[in-house]
Every structure is written in structure tokens, then in C-alpha cells.
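Working notes, beginning with the structure itself.
2 protein chains.
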Amino acid sequence: MQLRVDSVRSSDAAGSGHPTSSMSAADLMAVLFAHHLRYDFDHPDNPANDHLIFSKGHASPLLYALYKAAGAITDEEMLTFRKRGSRLEGHPTPRLPWVDVATGSLGQGLPVGVGVALAGRRLDRLPYHVWVLCGDSELAEGSIWEAAEHAGHEGLSNITAIVDVNRLGQRGPTRHGWDTGAYARRFGAFGWHTIEVDGHDPGQIDFALGDARNTRRRPTVILARTRKGEGVNDVDNREGAHGKPLKDAEHAIVELGGERGVTVKVSPPEVSRPPHTFTGGPLALPSYPLGEKAATRSAYGAALKALGAARGDVVALDGEVADSTKTEEFAHAFPERFFECYIAEQEMIATAVGLQVRGWVPYAATFAAFLTRAYDFIRMAAISGADLRLIGSHAGVSIGEDGPSQMGLEDMAMLRALHGTTVLYPCDANQTAALVAEMADVSGISYLRTTRGETPVIYEPGERFPVGGSRVLRHASDDRATIVAAGITVHEALAAADLLKQEGISVGVVDMYSVKPVDRAVLNEAATTTGNLITVEDHRPEGGLGDAVLEAVSELGPRVVKLAVRGMPGSAAPGEQLADAGIGRDAIVAAVRRLL
Amino acid sequence: MQLRVDSVRSSDAAGSGHPTSSMSAADLMAVLFAHHLRYDFDHPDNPANDHLIFSKGHASPLLYALYKAAGAITDEEMLTFRKRGSRLEGHPTPRLPWVDVATGSLGQGLPVGVGVALAGRRLDRLPYHVWVLCGDSELAEGSIWEAAEHAGHEGLSNITAIVDVNRLGQRGPTRHGWDTGAYARRFGAFGWHTIEVDGHDPGQIDFALGDARNTRRRPTVILARTRKGEGVNDVDNREGAHGKPLKDAEHAIVELGGERGVTVKVSPPEVSRPPHTFTGGPLALPSYPLGEKAATRSAYGAALKALGAARGDVVALDGEVADSTKTEEFAHAFPERFFECYIAEQEMIATAVGLQVRGWVPYAATFAAFLTRAYDFIRMAAISGADLRLIGSHAGVSIGEDGPSQMGLEDMAMLRALHGTTVLYPCDANQTAALVAEMADVSGISYLRTTRGETPVIYEPGERFPVGGSRVLRHASDDRATIVAAGITVHEALAAADLLKQEGISVGVVDMYSVKPVDRAVLNEAATTTGNLITVEDHRPEGGLGDAVLEAVSELGPRVVKLAVRGMPGSAAPGEQLADAGIGRDAIVAAVRRLL
Chain A
74 MQLRVDSVRS SDAAGSGHPT SSMSAADLMA VLFAHHLRYD FDHPDNPAND
124 HLIFSKGHAS PLLYALYKAA GAITDEEMLT FRKRGSRLEG HPTPRLPWVD
174 VATGSLGQGL PVGVGVALAG RRLDRLPYHV WVLCGDSELA EGSIWEAAEH
224 AGHEGLSNIT AIVDVNRLGQ RGPTRHGWDT GAYARRFGAF GWHTIEVDGH
274 DPGQIDFALG DARNTRRRPT VILARTRKGE GVNDVDNREG AHGKPLKDAE
324 HAIVELGGER GVTVKVSPPE VSRPPHTFTG GPLALPSYPL GEKAATRSAY
374 GAALKALGAA RGDVVALDGE VADSTKTEEF AHAFPERFFE CYIAEQEMIA
424 TAVGLQVRGW VPYAATFAAF LTRAYDFIRM AAISGADLRL IGSHAGVSIG
474 EDGPSQMGLE DMAMLRALHG TTVLYPCDAN QTAALVAEMA DVSGISYLRT
524 TRGETPVIYE PGERFPVGGS RVLRHASDDR ATIVAAGITV HEALAAADLL
574 KQEGISVGVV DMYSVKPVDR AVLNEAATTT GNLITVEDHR PEGGLGDAVL
624 EAVSELGPRV VKLAVRGMPG SAAPGEQLAD AGIGRDAIVA AVRRLL
Chain B
74 MQLRVDSVRS SDAAGSGHPT SSMSAADLMA VLFAHHLRYD FDHPDNPAND
124 HLIFSKGHAS PLLYALYKAA GAITDEEMLT FRKRGSRLEG HPTPRLPWVD
174 VATGSLGQGL PVGVGVALAG RRLDRLPYHV WVLCGDSELA EGSIWEAAEH
224 AGHEGLSNIT AIVDVNRLGQ RGPTRHGWDT GAYARRFGAF GWHTIEVDGH
274 DPGQIDFALG DARNTRRRPT VILARTRKGE GVNDVDNREG AHGKPLKDAE
324 HAIVELGGER GVTVKVSPPE VSRPPHTFTG GPLALPSYPL GEKAATRSAY
374 GAALKALGAA RGDVVALDGE VADSTKTEEF AHAFPERFFE CYIAEQEMIA
424 TAVGLQVRGW VPYAATFAAF LTRAYDFIRM AAISGADLRL IGSHAGVSIG
474 EDGPSQMGLE DMAMLRALHG TTVLYPCDAN QTAALVAEMA DVSGISYLRT
524 TRGETPVIYE PGERFPVGGS RVLRHASDDR ATIVAAGITV HEALAAADLL
574 KQEGISVGVV DMYSVKPVDR AVLNEAATTT GNLITVEDHR PEGGLGDAVL
624 EAVSELGPRV VKLAVRGMPG SAAPGEQLAD AGIGRDAIVA AVRRLL
């Protein structure tokens, strides 16, 4: 069959790739393309298009062979597979207009597909169908079962998982081999309609795909028994043939019936109505009087609600902690646009990725500490070029008594290390509100770090805080050092500056609310004037504010002292925690004295 | 009942905490302690002790009340709950000798429990039982189902999950409320024995716990319908009562029957034989001749096998990629000590944590990129003070054609940002072998980063590479700059130094194989002599080698140029990738020229 031939050819031309994993799923996808997929290849932005996600991204040779058969790419381009500059990468990415999200880290395609299906059902209100090709190996990932629970509980009949049960993982047999019943019991328990078929029998496949599309009130999983490397005796159902081109591609092509250039006509969607939209209005951000105290997490909640009223495209997600993160304000005001993801952070991020595939503007919140649970999903979202807004509350030791398991101390490091991200860390309520609104138009992944406790309002309502900016809060010509802080430590820095002033030592204070990108101009100024910088952050010393500052001034060579959380905190009151971690006002004063 | 009274009292004294989540599970734990747990509180290191893990770590008031009832702590200490310096933290940590691991990030206790149970079954060969108290909310975490699959497939009858189905999560009802059947169907599908009981009926609880201990060939889950806040009308089964002390503690204590100082006699284990051990022998690390080419991942595989022969306590885990990471060498040689975790990285880390609870020395490997999947588990392992050795293969853009989803580019940032970690990144096969052996005795979490492709052997076999050290590979009195590299970029740095030499520019080269802790002495020397540093790494600019160098020299103020992967790579050959990312020899030469 031509899809197998082309999978063999492209991998052979590349000298690497996964032809055998493509060959097992070829019949499944051939029948899908010929009879069930509704897709307008000339208009990938048609909102009524079905969505096809290769959760087993390594089967990219098959995907590209399908694109060629559908007339979307030429044979010549197909043979650029895995070559420098080619958009046909080893694993699919949205550089291709027909690909929604990057895959290649297993167990992510189905969770993202659930997000797209939710967009179809609850937001777009269009009858497109989401088809997800999964491998059997990836069913070991817990994220698959988070997705299964989410889709099952929501009764998402507009998503179908097609599992290519080829029995062989990368290094050998899977746990359940060809026992599709084992998988059927699991998916069935999670509320899915299950169909077990011979994945090389076009009639059975055709029936199953039709049944899946017509099933009501439940998602469907098609569990297809297949043979890895099907069609070529040398690799058919053999261990040790994963992830490499066939040894004798020429002979394999002959065995598969030779090159014939078969094409497939994919039917476009039948409906052509535009997606549903929600109305907006003028933006009226919350405002807080100077000198009052308010938690930045509360300001996030109030600002998101205001933004939701202003923009119909804004949606919110939360990981069953909306009363803590304060997403609940939005949830109460706009229940249609709120997605409760329960305690399943991977699924929360994946859902957000799925929603933005369809152009919605998601804000997803949980404790900063628990975003670590979804790091691989955030990493892949960055590769997808997804536009996500993440909110991590309860950042740092300043949460107090709950102890280290609840303290986000690595979140800035984790987010900064991804490509194209924005990291924001406000210190007061008005600044938070402004940044929440700002984030709506930031592309890529933007992250807002909020604080549990109340902090004084130091900025006037309505001030603007652009991404990449900072605020010089104290500055005098006789400054002998500059303290760079963000979030909770801004207030400690201001207090430290006051204490030093009493000793006759003048120091500058910068509120570096934009941790990535960082305000190089202001830092360069400080580095070349005072030449002494003290950074202070409620975060680990690695990868946070201090490193952002060091990176910015590294070629200028000022002296920099980095204050951060270096020990392992226990339980204690917030003020005690800041002092014990050496990031409170006294520690800043001591650091300045030491440096001068 | 006294456990509820004490949960109310300690939370009241602390002014925070989770009494209602403790009250729902009090009857379950009371019966467990009185009749089923086999534990010697005077000898927490007794290898035959049962293990009790509070996966719902926020129920710490109940745990501490149990310790008090068992005579392990005093009433006075119990009332230090959540106070500065107290070992009774908001969420349990192993600062307490009876606590195996820190919990508080939900969905981790059961996965770790599976690791302890595997240690009992396959390594220690002792009949201890692992009891895990779970919340119902946390069953939404995919990691729970990774654990369910692992335990079910292994037929681990020595673990029992006791689920406190109190129907209420933090912000409101769970997905399934009191429908214990929904959970029973799911666990049943994963091969578990399921029992549904009234969690406030001591007779039903007693029967279920006995049944669980006596069940053969399958793990057991007890699904107990309970009432959050049971016993106090004001909070009983009420929303909005999560995570706060009771308003009127005095009245609640009266309602619960008052303080009575009830104690419980916990029976010690019956068996007293020592755990099984595996024999070792002399260490014969693999050696590679100078100038040959070998992949560091292959050297890891060979060295781990050698280490396994030398030390009976070394065990290995892999995430179904052992043919790529090269853990397969150990797996073939020591199948009894190898744990295949399939594609479930969270469960792999949790299993490793569980094994080290019992003193085994685990090495766990997958692609560096996919360790991001388990970041929250690694974070919690650091809080537990767990001794883990992690190996991330296929690091960086140098993997070539597979593309960004498979490239570990954030792994050093992620690992460095955790407390007490060690990050090692060897550049040749002999160095790798030495470091693999070195890691066995490193406490905390140590991480070895390996490279997919072959690199030249530049060190003699048998040389030592201590943690925290570095190697000065090029050094002359007329050096005008120093290049600091690690892993794959060491070879690019050497090539760049040769190219510059031809131009008459002498530069030093340092192999910074220990990225954390970093060799401050050598860096300080370079910073104060040449004053110009160029760091080059196959990693994102944030949180990796460059930042480690900047941090070390920040107070000296040299000029530092950081070369790292700043764009989004696609598919290309390894050499092309290094060049395109600006971390190859030509980029280094250009950076030196620019700096001078």
C-alpha cells in the first residue's frame, strides 16, 4: 500500500525515522482519510475542519505520506523529511499548516485533543470531530487517563481515539501486547465507548470510524490490533525494528507493491457557519487605593473577571484550587467559559493548548508549585508555539506554614528555560491587574507569578506596565548600590533601602516585574553607575530573577550579590520564612553592607 | 473520637491546617493502627516494619494525632504543629523518623508506595505491607493510574490503597462524589481487588483491612465513603470548610466527646529476619582507549553494569527506552534488580523514591527531555531528601534529526533549581564511567546528562573526576580568554582553541563536568587572570552551565559571554544543529574575537 511505500521511502531518504510504526497504522489512516475525515486542505483555517492529531508523533512518515496522498505536499517535499530546513521534521510541528500541535512526547496528543473537542462543544459550537492516533505504548502515561477521565466525564462524543495496538514498544513488547480487551476494560471504566477491530481490515475500520462519529454522549476509542512493520516480512512484527529505516528499502517497496502514486480525495466539512462568539465590552480593571493591602492573587482573580467581561475570547482553567488561585471570580461570572480540570495539571495545560488551537485565549491557574507537574506539557506547548497564559499562585516561602511542598520555588527557572516565554511577577494589586490585561495580547507562553499574602499597594490604579519594562522605585545620584527585586521582595527591598538611608547609605531600588524579558537598559544603567547590584527573590538561586539580571549585565562585569532561597524551608509564619531564607529586609541590608 | 479531637486541637493551635480532611479519615486510620499496622515505633529502621504513607499529606493533623496516640510524640509536641522549627510541618516530611517521604503534592504517595512494595517483593523479600491513605480528589491525577497499572500488572498484593472518599475537594464536590463504584470500576479494570465500605463503620473497616492484607496476587483498594468534618455539625459534609481550623474549636471538642487521652498499642512486626541482599565484588569499570570514539550514553550503560556487579545494592529503572539510554546492559545482566517502568516517567521516579526508602541505590534513566514529565516528582523527592541517581540521555540539539520534542534543553535548569542536587555532564566515555561510579555515594539527587552521538575519548581510563571538580584542558600564561564547556561542547571548545591558536590567540579551555556544584576555584582563577569567559552549552541559556558560571563569579565581575541554544531547532544533522544553534566551534571563535 502506497502509504507504507512512502513511509519507507521518506525514512530511507532521511537515513532515520520510524517507518515500522507508520506501517502498522497505515490502514487505519487510509480509511479515515478516504471516508471519514472532513478537512479542507486548501483552507486549513476553516473553522469547521475536523482535527487530526498524531499523538504517536514518531509516525510522522505516515502523516507526511497522507499529506502527499491528499495533494497537500509534493513527493519532492516528502523526501526532504528530517533534512535541515525542511518543515517535515522528525516529529510533526505546527510549522505545517495542517498540524495543530507538536507531538513526539508521548501521551500528549490525546489530552490536547480533549481540549480541541471541548472547544468544539462548548465554545465554537461546531460539529467538527477530533481524531487522535495513539500508540499502545503511550497508554502507560498517566496523562492519557487524565484525558480519558476528562472526556468521559464531559461525555465528549466529538473525539475519537484510534489506538494502533501493534504490541511492540521501542525496546520490546508492551505490558498488554495484543490484549485489546485490557485497554477496552480501562477505557470502558472511564466512560468511553470501546470498539476492538483488526487494524488491517478496511471493512472493520470503516465500520468503527462511522460508529465513532455517530456515537452520542460518549467518546469512542477504537482499539486496533495491528502489526508493526506490516507488509514487509523482514520487519513485520519483529522486535528491534523500531525507529530505523528499513535495511533494504528497495526490496521492501517491491514487496509492498511498488510505487503507484495513489491519491485520496478528502471531503471538506459540510457545515460552513462561523464559530460561536461571546460578546465583550469595555475593559474596567479593578483598582486598589494606594497604601491599602491586597493579595496579588486576588487582584488576578478580579482582573481576569474584568477581562472576561471585556473580551469574549478569554477563557479560564483551574486545577481544582480556584478558591485559592482566585480564578473562581471568573468561574462564577462566566461559567460557560470556565473549565474545571480537577487535580490533573497535565490535562489542564493540554486542555488550554487545545482551546488555543481554535483561537481562544486561555488563562490556566494552579499553585506555582504544581505547575511543575505539567512541565513536559508546557515544554511541548512552547515547541507548538502555543499562546498560553499561565498563573502560578502561592509562590515562594512567603506562603508560610504550609511548608515546602506547596511553595513554588522553581517556577521561574522552569518557565524561563523555555523558548519564547514571558515571566511576570507583580508586587502589588494594580500592577497585577495591568499585567493580567497585558498578557491577553502576548504571544507564546506567558507566566504570571502571584503571592498568597497581602502586600501594600504602591502603584496608582491605571498605570501601565509593559512586558520587558521595570520600575525604578528609588534612585539618587549618590546611590552606592542598586537592589533589584520583584514581587514580595520589592517591599523588603524598599524597607531595606529605608533602613540603609538611616545609616546614611543611599541605594536604588528597581521593581523588575518583567523577569523575562528583563529590562536591560535599566540594569545596564545601574551596572555602569553604582556598579553594585543586589538581587533578591523568593525563589531558588538558580534560574530566577538573579540569573536574569546576571545574564543581562554579564558582559559589563558589575559586582552582583544574589539573595535567594538556598536552604530547605519548613513550616513557619510568612515573615519568619522570609527572614530564615535570607531574603528579608535585614538580609538585604547585610548584603549591601558586605558588598560596599 | 480522640483523633478528631487532636486534629481540631493542633490545627487550632497552629491557626491553620486541614482538620476536616483529617476527621473524615480518622476511623479508617484508628482501626488500621489498632489492629492491622505492624510497626515498631521504637525502631523505625526495623526492616520488617509496615509502611504507612499519607498520600493526602494535608491530613497531617490526623497523622500526628496517630503518632501521639501511639506514644511516639507528646501532646506538647503535637501542639507545635506548623510552628517555626517544629518537625510537625504543614505536610509530613521525613524529618520525622516514621515518615518515608514528603507528601503534599497530591497523587504521589500511591506511586511511591508501589516502589516500596516492589522493594519488599523483589529486593528485600520481606512480608511488610504498604498502606497508603489517599484522598478522592487526587484520583484525578494521572500518576495514580500509572501506579495502578504498575501495581496491578506486577500483582503487588503487599500494597493497599485506602481511599477516603469524602466527596469534597478543596473548592467543591469531586467529579464522582460518593460514587465509590466509579472508582471501583476504574481500579478493577487495572487489575486491583476492590472493596467498598462505610468509612465510619469500624466493623466494615476492620474486615476490609484484613481482607486487603490476606488478598493474594492483586493489590487492594478500599474505597471508603466518609464525611469530611465528620463529628462536628458545623463542618460535617459542608463545602467551604477545607483547609482551615474550626471556628469554635472548644465547642467542637465537646461535641466530639472531649479530650480523653486515648492511646493505641501498635503491634510490632512478627518476622525479624534481615532483608535479602545481593552479592557484589570488585569494581571493574569499562575503559576506552584515548582517541577512540564512544557515546557517553553507551559508557553509562557499560559502567552501570560494572557497578551492578560490584555492588549488590545498586538497582536500575528505565522508561521503556533502555535500548536508547543503554540501561539495557544492566537489565540483561541483573534482571532481578532491573525495573521496567514503561512510558510512565512519573511512576519511574516514584518507584525509585520508594526503592531508596528501603536503602537501595537506584539509577533511573530516560531521555533528558522526558524527565521534564516527572519534574514535580523530582521536586518532592528533593524535599524528601531522597538519594536518587537520574540519567538523562539524548541531551541537546546534538541528537540531530529527531527534532525539538526529543531534545533535552531544559534539564540542567530543572535539576539545578532543586535543593541539594548534583548535576554532572561528562564529555567522554572514561569520564562518564568514573562519574557513574562516583554517583553511587552522592547523597541527594544527582543527575548525569549523556549525549546520543559518539565523542572522542580524551581522558585516560581510571582517572578520577570528583563531584565539584573540573579539568583545565588548555592553559597558558598568555591566555586572553577562557572557554568553559561541558559535555559535547568540550570538543567544540578544543577545536575552537586550536583555530584561535592558528590566529595567534591563546585561550584556555575548562571542562566543567560538574555543573552543580561548580568549581569556583578554577573559575575565580580564570575570572581574575584572563577576565574574559566564554561559556558554551547545548542547553537553553537559562539555568544551565552559563548561569552556574555567572553565579560563581558574580562578585568578581569578569566579562562573560554565554553561548547557548536560543532559537527553536528543527530537524538537521548533529553537526548542522550545533552550528545553527551557535554553539559550534565557529560560533565560539567568533565570540572570542568579539570579546577581545
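Protein chains in written order, with our numbering: chain A, 74 to 669; chain B, 74 to 669. Just so it is clear, CB atoms sit at the ideal spot from N, CA and C, and this is done for glycine as well.
For residue i, the nearest candidate out of the options (CA to CA)
i        : options                                : result
B:Val434 : B:Phe443, B:Gly331, B:Thr424, B:Ala441 : B:Thr424
A:Pro275 : A:Gly469, A:Ala107, A:Glu227, A:Gly330 : A:Ala107
B:Arg553 : B:Thr603, B:Val588, B:Gly517           : B:Thr603
A:Ser397 : B:Leu169, B:Ala442, B:Phe538, B:Gly316 : B:Gly316
A:Leu488 : B:Glu649, B:Thr445, B:Gly272, B:Arg258 : B:Thr445
B:Val394 : B:Val388, B:Tyr415, B:Glu409, B:Ala383 : B:Tyr415
B:Ala600 : B:Gly577, B:Glu628, B:Lys589, B:Gly617 : B:Glu628
B:Phe454 : B:Val104, B:Asp118, B:Gly182, B:Ala103 : It is worth fixing the name first, because residue 454 of chain B is Ala in this sequence and not Phe. Among B:Val104, B:Asp118, B:Gly182, B:Ala103, the Cα nearest to that of B:Ala454 is on B:Gly182.
A:Thr233 : A:Gly313, A:Glu150, A:Arg289           : A:Arg289
A:Pro355 : A:Val344, A:Ala368, A:Gly381, A:Ala372 : A:Gly381
B:Leu161 : B:Gly180, B:Ala138, B:Thr299           : B:Ala138
A:Ala566 : A:Pro529, A:Arg195, A:Ile661           : A:Ile661
A:Thr336 : A:Ala103, A:Gly215, A:Pro117, A:Ala220 : A:Ala103
B:Met74  : B:Arg333, B:Lys574, B:Pro642, B:Leu596 : B:Arg333
A:Lys589 : A:Leu169, A:Ser340, A:Val540, A:Ile578 : A:Val540
B:Gly302 : B:Lys635, B:Pro408, B:Ala98, B:Gly630  : B:Ala98
B:Ser128 : B:Leu463, B:Gly180, B:Lys378           : B:Gly180
B:Val205 : B:His564, B:Ala285, B:Gln650           : B:Ala285
Sequence-distant residues of its chain with Cβ nearer than 6 Å to residue i (five each side left out)
i        : result
A:Gly193 : Leu199, Tyr201, Asn231
A:His223 : Val187, Glu420
A:Pro134 : Ser80, Ser83, Ser84, Gly90, Pro92, Ser95
B:Ala322 : Val81, Asp85
A:Gly177 : Gly130, His164
B:Phe114 : Ala143, Ala145
Bridge-paired residues (DSSP) for residue i
i        : result
A:Glu527 : A:Ala368
A:Leu358 : The partner list for A:Leu358 (beta bridge, DSSP) is empty, contrary to what the question assumes.
A:Arg289 : Its beta-bridge partners do not exist; DSSP assigns none.
B:Ser587 : B:Leu497
A:Glu418 : According to DSSP, A:Glu418 bridges with nothing at all.
A:Thr439 : A:Gly465
B:Val270 : B:Ala297
Neighbourhood of residue i by C-beta, 7 Å cutoff - its chain only, sequence neighbours within 5 removed
i        : result
B:Pro670 : Nothing can be reported for residue 670 of chain B: it is not among the residues displayed for chain B, which extend from 74 to 669.
A:Ala376 : Leu358, Pro359, Thr505, Ala506, Val509, Ala510
A:Ile422 : Ala437, Ala447, Phe450, Ile451, Ala454
B:Ala594 : none
B:Lys399 : Arg370, Ser371, Tyr373, Gly374
Close beta carbons around residue i, own chain, < 8 Å, minus the five adjacent residues each side
i        : result
B:Asp484 : Ala441, Ala442, Leu444, Thr445, Gly465, Ala468, Tyr520, Arg522, His612
The region 358 to 365 of chain A / the region 523 to 539 of chain A touching (three or more Cβ pairs under 8 Å): Touching, yes.
Those runs of the beta strand (DSSP E) which lie wholly inside the region 483 to 531 of chain B and span at least 3 residues: Listed in chain order, they are 495 to 497, 518 to 522, 527 to 529.
For the pair the region 605 to 621 of chain B and the region 656 to 663 of chain B, tell me if three or more CB-CB distances fall below 8 Å. Touching, yes, given that three or more Cβ pairs across the two stretches are closer than 8 Å.
Unbroken alpha helix (DSSP H) runs of length 4 or more, entirely within the region 74 to 98 of chain B: which are they? Here the runs fully enclosed are 75 to 87, 92 to 96.
Ignoring anything shorter than 3 residues, give me the beta strand (DSSP E) runs that lie fully in the region 598 to 657 of chain B, in order along the chain. Counting only runs that start and end inside the region 598 to 657 of chain B, the beta strand (DSSP E) elements of at least 3 residues fall at 605 to 609, 632 to 636.
Between the region 572 to 591 of chain B and the region 547 to 561 of chain B, are three or more C-beta pairs nearer than 8 Å? These segments touch.
Touching or not, the region 154 to 163 of chain A and the region 427 to 443 of chain A, by the rule of three or more beta carbon pairs under 8 Å? Flag = no, the region 154 to 163 of chain A and the region 427 to 443 of chain A do not touch.
Can at least three beta-carbon pairs, one atom from the region 206 to 219 of chain A and one from the region 203 to 222 of chain B, be found at a separation below 8 Å? Under the 8 Å Cβ criterion, the region 206 to 219 of chain A counts as touching the region 203 to 222 of chain B, having at least three qualifying pairs.
Touching or not, the region 289 to 304 of chain B and the region 264 to 273 of chain B, by the rule of three or more beta carbon pairs under 8 Å? Enough Cβ pairs lie closer than 8 Å, so yes.
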